[in-house]
Structure formats: structure tokens, C-alpha cells
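What follows is a short report on a single structure.
Protein chains: 2
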Amino acid sequence: MKVEKISELTTNRLSVYLRCVNELLSDGSKTVSSEKLAKRFHLNSAQIRKDLACFGEFGVRGVGYYVEELRDHLQKILGLDKEHRVAIIGAGRLGAALADYYGFNQTNFEVAALFDTDKQKIGTLLGNVEVFATSDFAKIVKRENIDVVVIAVPAQFAQGVLEVVSKAGIKAVMNFAPTPLKVDDDIKLKNVDLMISLESLSYFLATPDTINDRS
Amino acid sequence: MKVEKISELTTNRLSVYLRCVNELLSDGSKTVSSEKLAKRFHLNSAQIRKDLACFGEFGVRGVGYYVEELRDHLQKILGLDKEHRVAIIGAGRLGAALADYYGFNQTNFEVAALFDTDKQKIGTLLGNVEVFATSDFAKIVKRENIDVVVIAVPAQFAQGVLEVVSKAGIKAVMNFAPTPLKVDDDIKLKNVDLMISLESLSYFLATPDTINDRS
DNA sequence: AGATGCTTGTTACGTTTTTCACAAAAAAGA
DNA sequence: TCTTTTTTGTGAAAAACGTAACAAGCATCT
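Sequence order for the protein chains is A and B.
Per our numbering, residue 869 is the first one in the first sequence, and the count goes up by one each step.
Per our numbering, residue 869 is the first one in the second sequence, and the count goes up by one each step.
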């Protein structure tokens, strides 16, 4: 087992592995080798082994990995054995869609609050989730034990919102606003930039002589 | 100027540069050096120069880049000088939010059609966009000149939808379904996986001794 | 128990990506 | 005109990442 810095590329793959392992579980497999995993899901077996080895020796030589055990390890590593409570700032269409989004309401994630500055929306329910005033953010975060925040406001407000979020002590932020944000080093900011993805498609259409690699 | 294969990391950065340059333009700057760009937007100046140099010699030594000219070049490279017409498959909350999303209705992108299999939704308008039957996909794609498709259906239907899309001759696809899709090499598939992003935040919270790098 | 087969964990290697460093080129000032 | 200043474009070094290869470990069979 290595004790180096784990790259984000590695942890992203762990999510993928977890998904694959869950699929294997519903098929009823008891064990799986890195080779079988790789074949089935178009991955590289050496990479799977290397990624997993960063966190311990989960496999058994000559056997492979015990699927259920591997699932548990991956969940633990990814922090999915704990509840996460999510707040979404921006109760527009995107915020509403995200509040409703399957992934944001899976077993270990729950959308606990929406925030907006529009007085018309404050106090209403969107799905099952109440919309609060952004000015009450810090208070609600404490009351509702929120630890993950999604920014779904227009680009020009994103930096200001991020500062509110940061001051409330939140350490994990997902940003949908298509703008680069400045943030302290102790906060994890994950940008989901749909414009970049769209423009990447546009580039491909404008330059079709490109070979397709894994997105 | 190099004539090598351009990596996706490079083209993604071009989108970022374009955004930065647009911001400079509204500030009224005429020229900008790679160093100033880098300082202001937390980038690396050598990387900016190298990325741009892949596509020509846009800069002037001793001066920098002419901002307006650079903007035009970037737009051209990214194919943003042409209209793109977008179809979204899946008229659930996510599809609806995307149809309404600013970025998808910017100058050069227009959401031209939504698709769903739910008879209740077919024929209705969502925002300004009509919802069509997925079975009519190929027909509407031709009629509406659609060249970009967004898949916003539940994971278990995504692969099937992708095949319909592929058969209709579409070459650029953005996928929101959290599942790995198989696709021909001549199609550009861009996955936007919110679960991976969320789980990456969860990992960070479970392992706070991590140093934050650029997401 | 010993030999055989399978699969991991890890090292070594190759490739890609980023960063550094500087010659070449343009502009400005003497 | 010549020197100084600025900033590009790019080759070379460094870092990060991915793939291949294999010794070490476990299980099974004889």
C-alpha cells in the first residue's frame, strides 16, 4: 500500500468502480478479478489494481476481490458510509431540477434546503424541500447540519455566494455557474461547467478529423 | 505552430480563455499579455501561450495579444462562429432545466426540440420548446437541422437512446445519465457525471488531509 | 506435501501533460 | 541607429499518469 497523494483522477475512477461493483452485486457475483472487471466495463486491469492498492490490500491472490467486501471498502473510502446533507443555492430551474435529481437524493445524500433571494420563492416548497432566504444561509446550515453546497445561481452572483458559503464553514462545494471562482485552499470546489462541455462538442464538429478518446 | 494532435485538455482550456478574454473585452482592454491573463485568472502563462500556439501565431512579441482578435480566433477555433441546434432527450426536470439553461440558449446554441416517450408530455411546450415523441427523432433532427444532442434520460434507457441518436447521424452527444455508454469512434460523447462529482466531494470530506488542486 | 494455475500488489517503463527557461522578435527610448 | 524592454513561441526538463511485466501469495489438484 502506497501512502502518496491520491490524485483526483484516481478517486473519480473509484466512483466508477463502485458503480461496476454494484452492478456485479445485483448479478449475484461473489468474487471478481481485476481482469474480469476490466473486460466487462472497458477498463484497464492494472489501473484498477493500482487504484485500489492505494487504500489497502483488498484482494486475495489467486481469487480476486470479494465483491461485497470491495463495495463496502469503496463506500467507506468515498465517505459514502456517512449521511451528507446538501443545500442548493439558486432555486431557479436548474436548482429545482437538481433538488429532484436522483443522484442528489440517493441513500447517502439528501437535499435539505434550497436558497434564493427572490421573496416570491422564499418560504415555498419545491418538491419536498423548503426555499430559504440566502441571508439566512449560515443559520440554516447549522440547524440542518448541511455539509455539501451546490451553487446554481447566475454567473455574476457566484463569487459572492461562494463567500457566504465559505464563511458558514462549508468545505465542499459544487459549482454550476460558468465562471472561474476563487476559493481558499481548504475548500474543495468542484466545477461542473456545461459551457465547456458544449463548446468541446462544438470544437469537435468544427474539427471532425479528431480521433475520439474517452471523455 | 505545431501540427500535432490537440488534446481535450487543451480545447477545454480554450473555452476558459475565451471566457476570460470576453471579460477583458467588457473591461475595455485592447491588448493582453499571457502573463496578465495568467495572473488575473490563476492560470499558467506558458500554458496559455502553448495552447494558443497550437492554432497559429496570434500574439505579437513585446505587445501580447490583441484582445478582440484573440476572441475572434478562439470563437472560430471552437466552432462558435456557426449556429448549433440542440435537441434534449428526456423532458423530465433535468431536461426542462437544461432547455431553460442560459448556456444552452446562448448566441450560438439554440434548443430546438425536446424528446420524450411520455404521451402526456408529447405535443406540449416546455418553455418555448416543443416536446416530440422519441420515435420521431430522426425525422425532427432533419427537419430542425439539429447537430448536438443532450441525453437526459434515466440510466437504464441511455444506451438505447444513444443508438437512436447515432442512427440519425448525430456526431456530438452530451450524456447526463450516470452510466458508461458504448459508442462509435466517429461520435463525440461528452459525459457529465454529477454522481462522480458529488462522490468526489464526499471523498474530500472523508479525507480532509488532501491538498486542493484545480478541479 | 509438492506442483500447477491463477491473480494480486508493485516495480519498471513509456507516454502525456505541465512547467521552466530562453532565443527570437517587436516596440520604445536614447 | 543602437540599446533596452517586453513578450512571444518553443525546445528541453520535470511531473503526472497509464500500461506492461512479473515476483509473491493463495488455492486447488494430484
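Don't be surprised by glycine CBs; every beta carbon is placed ideally from N, CA and C.
*Name, in chain order, the residues that DSSP records as bridge partners for tyrosine 933 of chain B.*
For tyrosine 933 of chain B, which the question treats as bridged, DSSP gives the partners B/Val900.
_Any C-beta of chain A under 7 Å from that of tyrosine 1071 of chain B_ = At least one chain A Cβ lies under 7 Å of tyrosine 1071 of chain B.
*In three-state terms, what does DSSP make of valine 1060 of chain A?*
In the three-state DSSP reduction, valine 1060 of chain A falls in the coil class, being neither helix nor strand.
*Using beta-carbon positions only, say whether valine 979 of chain B and lysine 989 of chain B come within less than 7 Å of one another.*
Not closer than 7 Å, so no.
*asked:* With three or more C-beta pairs closer than 8 Å as the rule, is the region 950-966 of chain A touching the region 962-970 of chain B?
replied: Counting C-beta pairs closer than 8 Å gives three or more between the region 962-970 of chain B and the region 950-966 of chain A, which meets the contact rule.
_Length of the line joining the Cα atoms of phenylalanine 1005 of chain A and isoleucine 1038 of chain A_ = Distance between phenylalanine 1005 of chain A and isoleucine 1038 of chain A, taken at the CA atoms: about 11 Å.
_Residue ranges of each beta strand (DSSP E) within the region 946-988 of chain A, 3 or longer_ = Restricted to the region 946-988 of chain A, the beta strand (DSSP E) segments that are unbroken, complete and at least 3 residues in length are 952-957 and 977-984, listed in chain order.
*What's the call for asparagine 1043 of chain A, buried or exposed, on a 16-neighbour Cβ count within 10 Å?*
So asparagine 1043 of chain A ends up on the buried side.
*How would you write the range of the beta strand (DSSP E) that isoleucine 916 of chain B sits in, first residue to last?*
Under the DSSP assignment, isoleucine 916 of chain B falls outside any beta strand (DSSP E), being part of the alpha helix (DSSP H) whose first and last residues are 913-921.
*Quick one: what does DSSP say alanine 1040 of chain A is sitting in, helix, strand or coil?*
The answer is strand: DSSP assigns alanine 1040 of chain A an E or B state.
*asked:* On the criterion of 16 or more Cβ atoms from any shown chain inside 10 Å, does glutamate 1067 of chain A qualify as buried, or is it exposed?
replied: Residue environment: glutamate 1067 of chain A is assigned as buried (16 or more neighbouring CB atoms within 10 Å of its CB, all protein chains considered).
_Proximity of isoleucine 1008 of chain A and alanine 981 of chain A at Cβ, strictly below 7 Å_ = Yes, the pair counts as a contact, with Cβ atoms nearer than the cut-off.
*Which residues of chain B have a Cβ atom closer than 9 Å to the Cβ of lysine 1058 of chain A, listed in chain order?*
Result: Ser1065, Leu1066, Ser1068, Leu1069, Phe1072 and Ser1083.
*asked:* Can you pull the chain B neighbours of asparagine 880 of chain A, defined as C-beta to C-beta under 7 Å?
replied: Near asparagine 880 of chain A (Cβ distances below 7 Å), the residues of chain B are Ile1064 and Ser1068.
*glutamate 872 of chain A: which of A/Lys1056, A/Phe909, A/Asp919 and A/Val884 sits nearest, CA to CA?*
Measuring from the Cα of glutamate 872 of chain A, the nearest candidate turns out to be A/Asp919.
*How would you label histidine 910 of chain B, buried or exposed, when you count the other beta carbons within 10 angstroms and need 16 or more for buried?*
Counting of Cβ neighbours within 10 angstroms places histidine 910 of chain B among the exposed residues, the total staying below 16.
*Could you check what DSSP says for isoleucine 1008 of chain A in three-state terms: helix, strand or coil?*
Residue state, collapsed to three classes: helix.
*Nearest-angstrom Cα distance between threonine 879 of chain B and phenylalanine 923 of chain B?*
Roughly 11 Å separates the two Cα atoms.
*What's the gap between the Cα of serine 883 of chain B and the Cα of lysine 944 of chain B?*
Going from the Cα of serine 883 of chain B to the Cα of lysine 944 of chain B covers about 11 Å.
_Using 7 Å as the threshold, is the C-beta distance between alanine 862 of chain B and isoleucine 1014 of chain B below it?_
Here chain B comprises residues numbered 869 to 1083, so residue 862 of chain B is not present and cannot be evaluated.
*If you measure beta-carbon to beta-carbon, which residues of the region 942-966 of chain A are closer than 9 Å to chain B?*
Taken in chain order, the members of the region 942-966 of chain A whose beta-carbon sits within less than 9 Å of a beta-carbon on chain B are Lys944, Ile945, Leu946, Gly947, Leu948, Asp949, Lys950, His952, Val954, Gly960, Arg961, Leu962, Gly963, Ala964, Ala965 and Leu966.
*arginine 1082 of chain B to alanine 906 of chain B, Cα distance in whole Å?*
Annotation note: pLDDT 48 at arginine 1082 of chain B (below 50); position unreliable, coordinate value reported separately. Computed Cα separation, rounded: 14 Å.
*Are the C-beta of valine 1016 of chain B and some C-beta of chain A separated by less than 7 Å?*
True, the Cβ-Cβ gap to chain A drops below 7 Å.
*Should glycine 958 of chain A be labelled buried (16 or more other beta-carbon atoms within 10 Å of its own) or exposed?*
The residue in question, glycine 958 of chain A, is buried, as its Cβ has 16 or more Cβ neighbours within 10 Å.
*Does the beta-carbon distance from lysine 1058 of chain A to serine 1065 of chain B come in below 7 Å?*
Taking 7 Å as the Cβ cut-off, lysine 1058 of chain A and serine 1065 of chain B qualify as a contacting pair.
*What number of angstroms, rounded off, separates the C-alpha of glycine 947 of chain B from the C-alpha of proline 1022 of chain A?*
Distance between the alpha carbons of glycine 947 of chain B and proline 1022 of chain A is about 24 Å.
_With a threshold of 7 Å between beta-carbons, can glycine 971 of chain B be considered close to chain A, or not?_
For glycine 971 of chain B, a Cβ of chain A is located within less than 7 Å of the residue's own Cβ.
*Report the option in A/Gly932, A/Glu925 and A/Phe977 whose CA atom is closest to the CA atom of aspartate 949 of chain A.*
It is A/Phe977.
*What three-state label does DSSP hand valine 1051 of chain B in the structure shown?*
Three-state result, valine 1051 of chain B: coil.
*asked:* For phenylalanine 926 of chain A, report the span of its alpha helix (DSSP H) as first-last.
replied: Element bounds for phenylalanine 926 of chain A: n/a, residue is neither H nor E.
*What does DSSP give as the partner residues of glutamate 998 of chain B in its beta bridges?*
Its beta-bridge partners are B/Leu993.
*asked:* What would DSSP say about valine 1021 of chain B, mapped onto helix, strand or coil?
replied: The answer is coil: DSSP assigns valine 1021 of chain B none of H, G, I, E or B.
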